[in-house]
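Asker: Residue numbers (the working numbering), protein chains in the order written: chain G, 2 to 489; chain Y, 2 to 479.
Ideal placement from N, C-alpha and C gives every residue a C-beta, glycine not left out.
No experiment lies behind these values; they were computed from the predicted model shown.
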Amino acid sequence: MAEPLETVAALRRALDAGATTSAELVERALARADALQPRLGAFVGLRAAGARREAAEADAQRGRREARSALHGIPVALKDNIAQAGEPCGCASRVLEGYVSPFDATLVERLRAVGAVVIGRTNMDEFAMGSSTEHSRHGPTRNPWDLARSPGGSSGGSAAAVAAGIVPLAFGSDTGGSIRQPAAFTGIVGLKPGYGRVSRYGLVAFASSLDQIGPLARTAEDCADALDAISGHDPRDSTSLREPPTRTREALGGDVAGLVVGLPREYLGGDGCDPEVARAVEEAARELEKAGVTLRECSLPHTRHAVATYYLICTAEASSNLARFDGVRYGRRAEGAAGLTEMYERSRSEGFGREVKRRILLGTYVLSAGYYDAYYRKAQQVRALLRRDFEEAFASCDALLTPTTPEIAFALGERTGDPLRMYLSDVYTVSVNLAGVPAVSLPCGFSRGLPIGLQLIGRAGSDATPLRLADAFQRRTDHHLCRPELPA
Amino acid sequence: MSGYEAVIGLEVHVHLATRTKLFCACEVGYGDAPNRNTCPVCLALPGALPVLNEGAVERALRMALATHCKVQPRSLFARKNYFYPDLPKGYQISQYEEPLATGGWLEIQADGEAEARRIGITRIHMEEDAGKSIHEGSGRDGTRVDLNRAGVPLIEIVSEPDLRSAAEAGAYLRALHAILRYVGASDADLEKGHFRCDANVSIRRPGAPLGTRTELKNLNSFRAVESAVRAEIARQTALLEGGGRIQQATLRFDLDSERISVMRLKENADDYRYFPDPDLLPLVLDEAHVERVRAALPELPEARRARFAQEYGLSAYDARLLTSSRGLADFFEAAARAHGAPKTIANWLLRDVLAALRERSLEIEASALRPEALAALVRLVDEGRVTPASARALVPELLERGGDPAALVRERGLEAVSDAGALDPLIDAVLAEQPAAVATFRGGDEKALHFLIGQVMRKTKGKADAKRVRELLLARLG
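1. Determine, using beta carbons only, whether Asp464 of chain G comes closer than 8 Å to chain C.
2. So that I know if they touch, is there some Cβ in chain G lying closer than 8 Å to that of Asn82 of chain Y?
3. Indicate whether the contact test is met: 3 or more Cβ pairs, each with one atom in the region 270–286 of chain Y and one in the region 83–97 of chain Y, closer than 8 Å.
4. With 8 Å as the threshold, decide whether the Cβ of Leu204 of chain G is near any Cβ in chain Y.
5. Grab the span of the alpha helix (DSSP H) containing Val396 of chain Y for me, first residue to last.
6. Please determine if the region 330–349 of chain G and the region 444–457 of chain G are in contact, where contact requires at least 3 C-beta pairs separated by less than 8 Å.
7. Of all the CB atoms in chain Y, is at least one closer than 8 Å to the CB of Glu7 of chain G?
8. Are the beta-carbon atoms of Val457 of chain Y and Val470 of chain Y separated by less than 8 Å?
9. Secondary structure at His126 of chain Y, three-state DSSP: helix, strand or coil?
10. Pick from G:Ile189, G:Val115, G:Asp81, G:Glu288: whose alpha carbon is nearest that of Phe207 of chain G?
11. If you draw a straight line from the alpha carbon of Gly121 of chain Y to that of Leu435 of chain G, how long is it in whole angstroms?
12. So which residues of chain G does Leu282 of chain Y contact, with C-beta pairs closer than 7 Å?
13. Give me the subset of the region 287–304 of chain Y whose CB atoms are less than 7 Å from a CB atom of chain G, sorted by chain position.
14. Comparing C-alpha positions only, which one of Y:Glu28, Y:Lys90, Y:Arg265 sits nearest to Ala79 of chain Y?
15. Is there contact between the region 472–487 of chain G and the region 14–32 of chain Y, where contact requires at least three CB pairs shorter than 8 Å?
16. Which value, in whole angstroms, describes the spacing of the CA atoms of Ala390 of chain G and Ala396 of chain G?
17. Mind checking Glu298 of chain G: buried by the 16 CB within 10 Å criterion, or exposed?
18. Does any C-beta atom of chain G lie closer than 8 Å to the C-beta of Gly402 of chain Y?
19. Once DSSP output is grouped into helix, strand and coil, what is the label at Val379 of chain Y?
20. What residue does the beta strand (DSSP E) around Cys445 of chain G start on, and which one ends it?
21. For Gln93 of chain Y, name the three-state secondary structure that DSSP assigns.
22. Is the beta carbon of Ala106 of chain G sitting closer than 8 Å to the one on Leu12 of chain G?
23. Here's the rule I'm using: 16 or more other beta-carbon atoms within 10 Å means buried, otherwise exposed. How should Lys464 of chain Y be labelled?
24. When the cut-off is 8 Å and only beta carbons count, does Thr365 of chain G lie next to chain Y?
25. Verify the CB distance criterion: does Val329 of chain G have a CB-CB separation below 8 Å to chain Y?
26. By the criterion of Cβ-Cβ separation under 9 Å, what are the contact partners of Phe104 of chain G in chain Y?
27. How about Arg201 of chain G: is its C-beta nearer than 8 Å to some C-beta of chain Y?
28. Applying the 10 Å Cβ sphere with the 16-neighbour rule, what's the burial state of Leu266 of chain Y?
29. Can you tell me where the beta strand (DSSP E) holding Ser316 of chain Y begins and where it ends?
30. Contact between the region 133–142 of chain G and the region 323–333 of chain G: three or more CB pairs below 8 Å?
31. In angstroms with no decimal places, state the Cα-to-Cα distance between Ile212 of chain Y and Gln249 of chain Y.
32. Can you look up His306 of chain G in the DSSP assignment and give me helix, strand or coil?
33. For Ser350 of chain G, would you say it is in contact with chain Y, using Cβ-to-Cβ distances shorter than 8 Å as the test?
34. Listing by chain order, which chain G residues have their CB less than 7 Å from the CB of Tyr52 of chain Y?
35. Whose C-alpha, out of Y:Lys460, Y:Leu450, Y:Val29, Y:Arg308, is nearest the C-alpha of Leu478 of chain Y?
36. Is the shortest distance between the beta-carbon of Gly91 of chain Y and the beta-carbons of chain G less than 8 Å?
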């Protein structure tokens with residue numbers, strides 16, 4: 002089997018030195034993806050021909066000294082909810098069977114513009130609803146560290162592909178933790194940029210006010226390069242920030258002395274948290290302190306309402322966002338329906354999986370006449386309070402440090418029968434989406450041979466700060482250098 | 002109507018005159034091949050997002066200001082959720098809790114009413130249109146969907162229940178229609194469905210609380226609204242007088258048969274699960290921008306009517322007709338300026354030009370007639386170089402093909418005949434042919450003189466200068 006691919010930075014050095022070619026990297030990535038697919042199930046589709054063509058083009062450009070960026074010629078993978086012209090965009094759902102997107106997401110345009118090569122689409126929970134990548138019409142993705150366990154979700158395919166060394170960089174979407182939690186479970190770095198930083202045009206909406214596209218890679222440095230390549234205002238997304246692309250990469254360098262990092266007491270030492278996770282996170286905080294960071298206890302007092310608020314808002318938005326999957330214009334339509342109502346009912350009943358249906362029903366209820374004020378409007382009010390919690394914390398801190406998840410990767414099948422428990426495992430990640438702030442998850446240790454994730458949260462508008470801290474931590478530690486042992 | 006008073010409120014949906022749709026760059030086109038003007042956004046493909054068309058906001062704003070509404074500094078787009086094949090997203094983007102503008106009014110004057118009345122406007126909000134479902138045959142062939150119209154920008158203008166008769170409803174719609182076109186908010190072409198009306202109707206004893214109302218849907222012409230409202234008032238009156246009860250319902254009106262039928266009763270009211278659209282930011286309009294739009298508004302029909310009456314000495318009726326469309330009012334003013342006698346121009350326009358336009362279903366600005374040409378034509382009449390009859394006969398040609406009236410008169414040999422040398426032989430002939438009329442006139446009947454003048458005119462095909470003919474005739478008969 003092809004050897005795992007190194008980090009983006011290492012591959013770029015090899016490309017620059019002429020030690021390898023993009024064509025070779027793409028061949029290695031495709032071969033490794035194929036070889037691991039039966040055990041890992043990370044991909045739902047490869048685009049070998051297109052990737053080879055683009056790699057050859059990237060090599061030709063490099064030969065003419067026209068390499069355009071840090072990602073030039075690098076093989077990457079995209080979650081199955083990001084539109085690529087001429088490719089399926091299935092969201093791991095039966096309802097989108099047969100659908101091929103006629104247009105590119107802004108993300109895809111920007112990746113192409115900088116010469117990155119997309120090798121395929123990765124598995125996910127259907128419509129990004131889930132934390133385990135088990136709710137997929139393609140079957141589950143497995144955790145490279147333990148094939149009996151979940152890689153987390155919903156961007157579990159992207160996380161597994163990076164953790165298994167198939168690609169050095171993949172993209173996912175994060176609505177309530179769907180990049181950070183799988184990054185934590187698979188021992189890699191996952192960045193949820195601040196809301197509006199990366200265009201959502203071409204990302205199939207789950208909950209529009211929470212969704213963000215972000216990178217998953219082995220290092221904070223690679224994530225910074227990726228963010229700098231894909232961020233910047235997009236006139237096709239009204240919620241996109243009117244700002245130029247970020248320049249987070251130049252902010253990295255290891256020097257974080259003088260930064261103040263808050264430790265929110267509601268996130269640390271709670272009873273729900275695995276003690277080994279808590280210990281690893283505390284050690285990580287002390288490591289940053291050694292790097293010159295000032296630690297300060299702080300409070301996010303409304304945290305206990307975050308999960309409830311999140312599930313009211315995301316299901317409400319989802320119930321409306323998923324109305325377009327009606328079997329009328331594209332995707333799968335139930336055969337032989339007697340009339341319009343039956344066509345809708347059967348196309349949607351047969352097309353959506355259980356978890357998606359559960360959330361559509363919840364969201365429909367939340368928005369119904371007579372319940373709107375008690376649920377949706379109330380949730381918006383609490384959301385404002387949560388946002389204010391962060392603003393107040395950031396008045397005296399540059400970043401906040403928390404665990405990414407209360408526990409390490411759970412076994413496949415362990416949570417599918419208990420949706421509430423599955424929802425509660427999002428406790429440390431959902432507030433970040435509700436507040437719209439940036440956050441990164443990075444590996445900070447192991448428990449029973451499985452990775453532990455550390456979350457660093459930045460203030461709105463400063464995506465660079467959590468990346469700077471993560472980078473500094475990675476320069477001082479080697480958790481990110483550990484790789485799962487995958488039998489050949 | 003036997004002691005009942007009607008209470009009527011109107012909701013008018015108006016297509017805004019933009020080149021592109023409300024949330025995407027697709028062209029707005031009528032009569033194009035089905036589904037030609039579509040893109041990922043208006044087809045609701047997975048991942049597509051809406052972006053607000055600022056030109057549509059600008060046009061909506063003009064209408065809001067022209068109807069004295071208060072423009073909200075911040076308004077919100079919401080999603081109205083329901084399933085229908087011509088609604089691609091499964092929701093319509095519309096303003097709901099926080100509309101663009103509220104609390105305006107406009108003045109109407111129904112035919113035969115002495116006083117103008119002020120009708121309140123509750124709100125004006127922006128929204129997107131749906132596509133069209135085309136049901137063919139018995140439904141066996143299925144339903145076809147054309148999404149060219151999906152996403153076309155609309156404003157909905159909701160009146161207060163201030164209207165009291167079908168005639169007032171008609172007057173309100175005509176006033177609204179004129180303002181829409183004056184400010185360039187909409188082409189308001191009724192035949193293209195640019196202007197669609199729903200009417201809420203109830204009746205009550207004067208001073209009593211409001212009665213149960215019914216809603217008449219999809220009334221697409223002024224006449225349809227007037228007839229439907231009249232029929233519904235009569236239906237409700239007959240029902241109450243017969244001891245019946247009005248049921249809250251949505252009604253359909255058939256213009257040909259003038260029949261009202263029930264679409265659905267209100268008991269099964271829909272729940273549209275409105276909520277703010279998270280894909281769109283709140284629409285924030287700063288005061289300076291609103292004031293710039295206000296300052297750029299053209300003079301509105303009401304003000305222009307008053308000015309025409311005062312400045313040009315026109316009757317209220319003539320002033321109203323001349324200001325009924327901005328094109329006509331602009332034409333009048335340009336022609337009056339070029340000619341110098343506004344009342345004369347007004348008479349020509351209202352008497353001759355409008356009739357010829359109506360015969361051709363033409364708007365004056367779409368015709369080939371230029372204001373300067375009308376002024377020149379009337380001047381030829383003033384100078385006696387062409388008779389009014391000849392001038393009138395040239396109007397259709399000027400409307401259709403344009404041109405210089407003086408040159409046309411020469412080309413057609415329409416110069417007025419006034420010299421005695423040319424007229425005397427014709428007069429001789431008429432006097433010889435009409436001895437009876439000559440005798441009648443000599444017997445003291447003046448009417449016979451008009452007959453004789455007419456006979457001379459006939460021989461010149463209307464080119465004779467009537468005044469000159471009269472002089473010559475009198476000289477011969479006197």
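Answerer: With the structure as the only source:
1. The structure shown has no chain C; the protein chains it does contain are G and Y.
2. Here residue 82 of chain Y refers to the residue found at position 81 of the second sequence. Asn82 of chain Y counts as touching chain G.
3. yes
4. What you label residue 204 of chain G is simply residue 203 of the first sequence in a count that begins at 1. Closer than 8 Å to some Cβ of chain Y, the Cβ of Leu204 of chain G qualifies, so yes.
5. Sequence index remark: in the second sequence, residue 396 of chain Y carries index 395 (1-based). Where Val396 of chain Y is concerned, the enclosing alpha helix (DSSP H) stretches over 389–402.
6. no
7. Here residue 7 of chain G corresponds to residue number 6 of the first sequence, with the count starting at 1. Taking Cβ atoms only, chain Y never reaches closer than 8 Å to Glu7 of chain G, which makes this a no.
8. Counting from 1 along the second sequence, the entry for residue 457 of chain Y is found at position 456. Counting from 1 along the second sequence, the entry for residue 470 of chain Y is found at position 469. A contact, by the Cβ cut-off of 8 Å.
9. The sequence position of residue 126 of chain Y within the second sequence is 125, counting from 1. It is a strand residue.
10. Reading the first sequence from its first residue, position 206 is the one you call residue 207 of chain G. Answer by Cα proximity: G:Asp81.
11. Indexing the second sequence from 1 puts residue 121 of chain Y at position 120. Indexing the first sequence from 1 puts residue 435 of chain G at position 434. If you take the alpha carbons of Gly121 of chain Y and Leu435 of chain G, they lie about 42 Å apart.
12. For the purposes of this step, residue 282 of chain Y is taken as the residue at position 281 of the second sequence. Those are Ser239, Thr240, listed as they occur along chain G.
13. none
14. For the purposes of this step, residue 79 of chain Y is identified with residue 78 of the second sequence, where counting begins at 1. With distances taken between Cα atoms, Ala79 of chain Y lies closest to Y:Lys90.
15. no
16. Translated into the one-based positions of the first sequence, residue 390 of chain G becomes position 389. Translated into the one-based positions of the first sequence, residue 396 of chain G becomes position 395. Note on identity: in this sequence residue 390 of chain G is Asp, with Ala being the wrong assignment. Whole-angstrom Cα-Cα distance: 10 Å.
17. Within the first sequence, the letter at position 297 stands for residue 298 of chain G. By the 10 Å Cβ count, Glu298 of chain G comes out exposed.
18. Taking the first residue of the second sequence as position 1, residue 402 of chain Y is located at position 401. The question names Gly, yet the displayed sequence has Arg at residue 402 of chain Y. With 8 Å as the cut-off, Arg402 of chain Y does not count as an interface residue toward chain G.
19. Reading the second sequence from its first residue, position 378 is the one you call residue 379 of chain Y. Residue state, collapsed to three classes: helix.
20. Walking along the first sequence from the start, residue 445 of chain G turns up at place 444. 440–448 is the extent of the beta strand (DSSP E) around Cys445 of chain G.
21. Along the second sequence, read from residue 1 onward, the residue named residue 93 of chain Y stands at position 92. It is a strand residue.
22. Taking the first sequence and counting its residues from 1, one reaches residue 106 of chain G at position 105. Taking the first sequence and counting its residues from 1, one reaches residue 12 of chain G at position 11. Not a contact, by the Cβ cut-off of 8 Å.
23. Locating residue 464 of chain Y in the second sequence gives position 463, counting from the first residue. By the 10 Å Cβ count, Lys464 of chain Y comes out buried.
24. In the first sequence, the residue the question calls residue 365 of chain G occupies position 364. By this cut-off, Thr365 of chain G is an interface position.
25. One-based indexing of the first sequence puts residue 329 of chain G at position 328. It does: the Cβ of Val329 of chain G has a partner Cβ on chain Y nearer than 8 Å.
26. Against the first sequence, residue 104 of chain G aligns to sequence position 103. Under the 9 Å cutoff, chain Y gives Cys40, Pro41, Leu46, Gly48, Ala49.
27. In the first sequence, the residue the question calls residue 201 of chain G occupies position 200. Chain Y contact via Cβ: present.
28. Position 265 of the second sequence holds residue 266 of chain Y. Exposed is the call here.
29. Residue numbering aside, residue 316 of chain Y sits at position 315 when the second sequence is read from its first letter. Counting along the chain, Ser316 of chain Y falls outside any beta strand (DSSP E), and DSSP gives it neither H nor E.
30. no
31. For the purposes of this step, residue 212 of chain Y is taken as the residue at position 211 of the second sequence. For the purposes of this step, residue 249 of chain Y is taken as the residue at position 248 of the second sequence. A small correction: the amino acid at residue 212 of chain Y is Gly; Ile does not occupy that position in the sequence shown. Distance between the alpha carbons of Gly212 of chain Y and Gln249 of chain Y is about 10 Å.
32. Translated into the one-based positions of the first sequence, residue 306 of chain G becomes position 305. Helix, per DSSP.
33. Reading the first sequence from its first residue, position 349 is the one you call residue 350 of chain G. Answer no: the Cβ-Cβ gap between Ser350 of chain G and chain Y never drops below 8 Å.
34. As a position in the second sequence, residue 52 of chain Y is number 51, starting the count at 1. One detail in the question is off: residue 52 of chain Y reads as Val in this sequence, not Tyr. Here the neighbours are Pro236, Arg237, Ser239.
35. Reading the second sequence from its first residue, position 477 is the one you call residue 478 of chain Y. Of the candidates Y:Lys460, Y:Leu450, Y:Val29, Y:Arg308, the one whose C-alpha sits nearest the C-alpha of Leu478 of chain Y is Y:Leu450.
36. What you label residue 91 of chain Y is simply residue 90 of the second sequence in a count that begins at 1. Yes, because at least one Cβ of chain G sits closer than 8 Å to the Cβ of Gly91 of chain Y.
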